[in-house]
Amino acid sequence: MWWFVAPKIVFGDDALESLEDLGYKRVLIVTDEILHTLGYVDEVLKYLKAENVEIFDQVEPEPSLETTKKAVEVAREFQPDCIIAIGGGSVMDVAKATRILYEIDIDPEQVTPFVNLREFGYQKKAELITIPTTSGTGSETTWAMVITDVKRRQKLLMANREAVPDMAVVDARFVVRMPPSITASSGMDALCHAIEAYISPWGNEFTEPLALKAAETVLANIAKSFEGEEEARKKMHVAATIAGLAFSNSQVGVIHAMGHSFGAVFKIPHGIAVGLFLPYVLEYYLNSDESIGKVRELSRKLGFDDGRGLIAEVVNLMDSIKLPTKAMELINEKEFQENLDILVRHAMEDSSTVTSPRIPDEAEYRKLFECAFYGRRVDF
Ligand SMILES: [Fe+2]
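Mapped onto the numbering used here, the consecutive letters of the sequence shown carry residue numbers 171 to 550.
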C-alpha cells in the first residue's frame, strides 16, 4: 500500500488573491522578524479578510523546540481557526508543529508517521496554509518537520500525514527579488529533492513524473534565475513545490543524509550542503549494479547519454551559480579530519540513508566524505 499526500495548491500570478475568499475568523501568522520587517506579512494581510489576526514572528533559522513551544503558547491563547506560515522551510516547519501541539498534549518525539494523532484527540481545529518565500525546501507540501532540541543538542525529525498543510500558496512575488546566493542554494536543494525522489527505491507512479518535471525545470532555469531573470524565477518557484510533492511521497537518500550531517556539524546552509554532495553520490550510485539503473534512466530522460553527462552538467551549473563543489572551499582540513567520525556517524543514523538506492557502510561513508572534501573521483 502506498500513499500520495498533498495539499491543495494555488500557484501562478496573483495566487495570493485566493486568500480573499477563505472566510477564516481568527488567523495566526507564523513568520520570522526579517520577513515581517520587509513587508511580506503586510502583503498577505492585503488579501486576508480575517476578523482577528495574531502574528508570531520569532522563528529563527534551524528553529528550536523552545521557539515552537512559544508559538504553541500564542496559539493556545489566541485559538486560531487558521495558521498561515509565511517564510522558508524553518517557518513552515514550526507552523506545522505548532498546529499539532496547539491542539493536543503530545511529546514532540511521539509525532511519527506511525502514530494516529486522532487517538490523542486531534481534530484539526485550525487549517494550515503555507506561503513559501524561497524556492527550494518544498516544505509547503510536506508532512515532515525538522525542529532542534537545543538542550539535548539534537534534531527532532517530526513527521505525520496529519501535518500536511491544507493549502500551499505558491506566488512568485516573494522570490523575484531574492538575493542570487539564496536562489542558487535553494534551487540546488530543489534539484537534490527531484533527483533523489526519482531514484529512490520508494519512487512510484505518482512521484516519478513530478520528480522528472522538477529536475528538468531546475536544470533549465537555475542559472537564469541566479542572474535575476523573472520568468526563470517563477518557473523555479513552481518547480520547487513540484519537487516537494515528489520527495515528500518517495523520500530522499544519501545526498540528504550527508548534507544534513555536514550542515549540522559545520553550520552550512542546507541547500549548499546537499548540493555539495550531489555529484559524488551520483557517481557512487553509478558504480554499483544495484543503483545504476534509475540514475541512468533519469539521465537519459533529461537528455544526457549516461549518468556521467548529468554529473558534468550539475558541476558546470554549480560553478556558474557560484556554489562550492568541494568541501575544502568551505572548511579547512583540520576541522574536517577532527569531525570526520561525527560526520560519518550522523549520516549513518540519518533516516534518509535507509531510503537510498545504495546504502553506504561506515567505510564507504568515510570515503564519500573524503572525496567530497578533496574533490576526488568516487571509484568504489
Ligand atoms: Fe532538502
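C-beta: ideal position from N, C-alpha, C; glycine also.
For residue 228, the beta-bridge partners assigned by DSSP are 202. With contacts defined by Cβ atoms closer than 8 Å, residue 351 and residue 426 do not form a contacting pair.
For residue 266, the enclosing alpha helix (DSSP H) stretches over residues 259 to 273. The nearest non-hydrogen atom of ligand 1 is less than 7 Å from the C-beta of residue 444. Under DSSP, residue 300 shares a beta bridge with 255 and 338.
With 16 or more neighbouring CB atoms inside 10 Å of its own CB, residue 447 falls in the buried class.
Judged by DSSP secondary structure, residue 487 falls within the alpha helix (DSSP H) whose first and last residues are 477 to 490. Relative to ligand 1, residue 363 has its C-beta within less than 7 Å of a heavy atom. Short note on residue 525: C-beta not closer than 7 Å to any heavy atom of ligand 1. If the five residues before and after residue 438 are omitted, its C-beta is found closer than 7 Å to the C-beta atoms of 432 and 500, all from its own chain and listed in chain order.
DSSP, reduced to helix, strand and coil, places residue 180 within a strand of the structure shown. By the 16-neighbour rule on beta-carbons within 10 angstroms, residue 453 is buried. Between residue 295 and residue 251, the C-beta spacing is below 8 Å. Within 7 Å of the C-beta of residue 207 there is not a single heavy atom belonging to ligand 1. For residue 411, the shortest separation between its Cβ and any heavy atom of ligand 1 does not lie below 7 Å. Taking C-beta atoms as the reference points, residue 428 and residue 465 fail to come closer than 8 Å.
Between residue 197 and residue 255, the gap from beta carbon to beta carbon reaches 8 Å or more. Assigned with DSSP and collapsed to three states, residue 546 falls in coil, not helix or strand.
Sequence-distant partners of residue 423 (beyond 5 residues in either direction) whose C-beta falls short of 8 Å from its own C-beta, in its chain, are 366, 369, 370, 451, 522, 523, 525, 526 and 527. Across the structure, residue 223 and residue 253 are spaced so that their CA atoms are roughly 10 Å apart. Assignment of residue 360 by DSSP, reduced to helix, strand and coil, places it in the helix class. Rounded to whole angstroms, the separation of the alpha carbons of residue 502 and residue 174 is 43 Å. According to DSSP, residue pairing for residue 328 in a beta bridge involves 315. Secondary structure of residue 346 (DSSP, three-state): coil.
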